[in-house]
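Okay, so here's the structure we're looking at.
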Amino acid sequence: MENTGHTEVLIAGAGPTGLLLALWLTRLGVKARIVDPKPGPTEESRAIGVQARTMEFYDQLGLGAEALTRGRHFDAVNLWVQGRLRSQVRLRGVGDDLTPHPYLYILTQDQNETMLLEHLEKSGGAVAWRTELSGFTQDENGVSATLRRGDATETVHAAFLAGCDGARSTVRHGLSVPFTGGTQVQTFYVADVSVTGKLREGDMNLSLDDTHFSAFFPMPEPNRHRVVGQLPEGADEHVTFESVRPEVEAHGLARVGDVHWFSTYRSHHRVAERFRVGRAFLLGDAGHVHSPVGGQGMNTGLGDAANLAWKLAQALRGGDLAVLNTYETERRPFAVSLVNTTDRVFSGVVNPSALARFIRTWVVPAVLPILVRPRAVRRRMFLTVSQTRIHYPDSPLSTGQAGRVRGGDRLPWVPDGASSNYGALKSLDWQLHVYGSLTSEVQTWCAAWGLPLHVFPFSRVARRAGLTQNALYLVRPDGYVGMAVPRFEQASLDAYAERWLPKVKSGGVQAGQ
Ligand SMILES: Cc1cc2nc3c(=O)[nH]c(=O)nc-3n(C[C@H](O)[C@H](O)[C@H](O)COP(=O)(O)OP(=O)(O)OC[C@H]3O[C@@H](n4cnc5c(N)ncnc54)[C@H](O)[C@@H]3O)c2cc1C
Numbered sequence: 001m002e003n004t005g006h007t008e009v010l011i012a013g014a015g016p017t018g019l020l021l022a023l024w025l026t027r028l029g030v031k032a033r034i035v036d037p038k039p040g041p042t043e044e045s046r047a048i049g050v051q052a053r054t055m056e057f058y059d060q061l062g063l064g065a066e067a068l069t070r071g072r073h074f075d076a077v078n079l080w081v082q083g084r085l086r087s088q089v090r091l092r093g094v095g096d097d098l099t100p101h102p103y104l105y106i107l108t109q110d111q112n113e114t115m116l117l118e119h120l121e122k123s124g125g126a127v128a129w130r131t132e133l134s135g136f137t138q139d140e141n142g143v144s145a146t147l148r149r150g151d152a153t154e155t156v157h158a159a160f161l162a163g164c165d166g167a168r169s170t171v172r173h174g175l176s177v178p179f180t181g182g183t184q185v186q187t188f189y190v191a192d193v194s195v196t197g198k199l200r201e202g203d204m205n206l207s208l209d210d211t212h213f214s215a216f217f218p219m220p221e222p223n224r225h226r227v228v229g230q231l232p233e234g235a236d237e238h239v240t241f242e243s244v245r246p247e248v249e250a251h252g253l254a255r256v257g258d259v260h261w262f263s264t265y266r267s268h269h270r271v272a273e274r275f276r277v278g279r280a281f282l283l284g285d286a287g288h289v290h291s292p293v294g295g296q297g298m299n300t301g302l303g304d305a306a307n308l309a310w311k312l313a314q315a316l317r318g319g320d321l322a323v324l325n326t327y328e329t330e331r332r333p334f335a336v337s338l339v340n341t342t343d344r345v346f347s348g349v350v351n352p353s354a355l356a357r358f359i360r361t362w363v364v365p366a367v368l369p370i371l372v373r374p375r376a377v378r379r380r381m382f383l384t385v386s387q388t389r390i391h392y393p394d395s396p397l398s399t400g401q402a403g404r405v406r407g408g409d410r411l412p413w414v415p416d417g418a419s420s421n422y423g424a425l426k427s428l429d430w431q432l433h434v435y436g437s438l439t440s441e442v443q444t445w446c447a448a449w450g451l452p453l454h455v456f457p458f459s460r461v462a463r464r465a466g467l468t469q470n471a472l473y474l475v476r477p478d479g480y481v482g483m484a485v486p487r488f489e490q491a492s493l494d495a496y497a498e499r500w501l502p503k504v505k506s507g508g509v510q511a512g513q
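Numbering (full-length UniProt numbering), first residue to last: 1 to 513.
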């Protein structure tokens with residue numbers, strides 16, 4: 001049986017990346033169709049870390065409070081060497097002024113997917129499960145894709161195709177985009193286990209000795225941990241937890257009770273050479289894969305989705321198609337640097353040479369406590385891991401500077417009692433922020449461009465965050481500053497708005513919220 005259908009954006013893959021893209025597009029009123037050959041969302045915990053920047057995107061969509069009821073925080077990493085606690089890195093407090101979510105947060109991939117799916121359905125969307133993208137063609141007007149469900153096929157015409165279909169992406173293969181990089185020689189295991197023992201409950205615990213490492217992450221359930229380590233050399237890939245139990249329980253650190261999930265995997269480090277070809281895009285693992293060090297993979301896919309959703313919506317509503325080029329310009333350099341960094345850290349952790357073992361078990365434990373003592377170092381670590389440091393200074397969308405805030409920076413978070421300037425981002429719109437007082441010309445300009453205007457008091461917090469009193473910050477729908485100007489400059493603001501702002505809008509002045 002063959003059918004035909006139409007949609008604005010066809011999304012291949014309902015993992016976390018595809019689900020967030022579908023939800024964001026649906027909220028923006030875009031007709032999105034999302035398909036996945038699986039029967040339903042992932043049931044395995046897989047990715048477990050949700051970073052602060054992701055929580056901020058969830059807040060924009062109204063999911064943040066709910067996410068906080070489903071997972072758990074942790075804010076310390078303990079380093080154990082040969083069963084002795086040698087060092088502790090405490091991140092509590094270092095990001096309190098940076099983000100409403102100044103901690104490391106555990107919310108497993110299956111929990112993320114379930115939450116995103118529920119909200120997609122509440123917003124009127126749905127996933128077509130058991131349906132795969134089997135091929136596609138494109139021209140300057142759109143994409144024609146073949147979907148297969150059992151014996152039935154359907155041709156879908158879409159304006160854009162989003163490849164959120166994971167590391168083996170059909171979309172990436174269809175575009176003939178090379179996936180450059182390699183695969184680690186080591187094989188790893190990952191298990192969700194109930195644990196008692198010396199491990200510090202509620203923290204992350206990293207255990208090293210001459211021959212192996214085990215990393216224990218606290219899971220939302222009490223005494224439950226995710227443990228990750230390296231399979232013994234020569235081990236069969238079809239091993240069970242019993243093969244690694246002696247390592248996991250070495251030095252009396254952990255005694256494992258129930259094993260809820262066990263799996264093995266080889267780690268890859270690859271980035272697609274292009275993230276966009278014509279009307280097709282690559283997001284998430286379809287565009288970049290790397291070791292799970294630092295819990296960045298799922299978050300980077302979610303960040304890709306937040307970056308592309310509003311650009312697709314704007315292009316579909318008559319905006320300049322050039323905005324779509326900025327997806328690759330902004331997201332690919334970050335993916336490349338992430339893959340390189342995680343690869344370096346990972347190689348250091350698993351390198352079997354005598355020198356590397358010496359550094360791991362003697363040098364690192366001795367030096368780490370001194371290195372991480374300064375708050376500035378721990379703050380930089382938090383900024384990196386939380387993804388709140390991601391910015392796009394080289395994007396064509398980024399221009400100007402007012403105070404320390406430049407075009408391309410993430411809008412600084414300015415709390416004011418129980419509310420903050422981030423409340424305004426829930427509209428998922430372009431908007432102008434002024435911290436201080438307003439002139440009538442700014443008001444007139446916003447009205448002319450149909451741009452929502454948010455005025456906040458110029459508080460000490462705003463000053464500390466690097467904002468300038470009465471400056472103008474033109475904020476993108478994903479919470480990054482597009483343009484920053486210290487004072488009203490009609491010509492440059494008009495030029496920017498002409499180029500990048502959507503054409504149809506309704507505006508109005510809104511006092512700080
Ligand atoms: C053991 C492990 C631990 C990890 N830990 C972390 C962590 O702590 N933090 C973190 O951020 N990341 C972690 N990751 C990485 C994380 O799981 C991935 O980065 C994340 O799943 C990527 O999401 P995605 O939606 O891009 O791709 P996927 O989750 O792979 O989803 C792709 C989807 O596309 C579907 N699909 C495939 N082919 C087609 C097709 N032809 N048509 C339609 N759909 C298709 C698939 O069925 C799948 O549902 C971990 C990964 C593993 C394996």
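Beta carbons: idealized from backbone N, C-alpha and C, even for Gly. Predicted model, so just to flag it, every value in this text is computed and none were measured.
T187 - partner residues in DSSP beta bridges: R266
Nearest to G135 (by Cα), restricted to the options A128, S169, N112: S169
Alpha-carbon spacing of T99 relative to D151, whole angstroms: 49 angstroms
Three-state class that DSSP yields for L474 in the structure shown: strand
Backbone secondary structure at G512 - three-state DSSP: Interpretation of G512 is limited by its pLDDT of 49, a score under 50 that renders its predicted location unreliable; no figure is taken from the coordinates.
Bounding residues of the alpha helix (DSSP H) (the contiguous stretch that carries T26): 16–27
Check: N141 C-beta below 6 angstroms from any heavy atom of ligand 1: no
Test item: CB-CB of G172 and L308 under 7 angstroms: First, the residue type needs correcting, since residue 172 is Arg and not Gly in the sequence shown. No, they are not a contact pair.
Proximal residues to F188 (C-beta, below 6 angstroms), its chain only, five neighbours per side dropped: Q230, Y265
Paired residues, beta bridge with M483 - DSSP: T399, L474
Reduced DSSP category for H225 - H, G, I as helix; E, B as strand; rest coil: strand
Residue burial classification, residue 519 (beta-carbon count within 10 angstroms, cutoff 16): The requested residue 519 does not occur in the structure, where the chain is confined to residues 1 to 513.
Proximal residues to F458 (C-beta, below 7 angstroms), its chain only, five neighbours per side dropped: Y435, G436, Q469
Cβ-heavy atom distance, V256 to ligand 1, below 6 angstroms: no
N- and C-terminal bounds of the beta strand (DSSP E) containing L133: 132–139
Per DSSP, cross-strand counterpart(s) of H73: Y105
beta-carbon D110 near ligand 3 non-hydrogen atom, thresh 6 angstroms: Annotation note on ligand 3: not contained in the displayed structure, which lists ligand 1 as its ligands.
As assigned by DSSP and simplified to three states, the class of V160: Strictly speaking, residue 160 in this sequence is Phe, with Val absent from that position. Reduced to three states, the DSSP call for F160 is strand.
beta-carbon R33 near ligand 1 non-hydrogen atom, thresh 6 angstroms: no
Close beta carbons around T399, own chain, < 7 angstroms, minus the five adjacent residues each side: G407, M483, Y496
Extent of the continuous alpha helix (DSSP H) to which Y435 belongs: No alpha helix (DSSP H) contains Y435, which is instead part of the beta strand (DSSP E) from 431–435.
Backbone CA spacing between T114 and S492 [nearest angstrom]: 44 angstroms
Backbone CA spacing between A67 and V323 [nearest angstrom]: 31 angstroms
heavy atom of ligand 1 below 6 angstroms from M381 C-beta: no
Separation of L116 from L20, as counted between CA atoms: 6 angstroms
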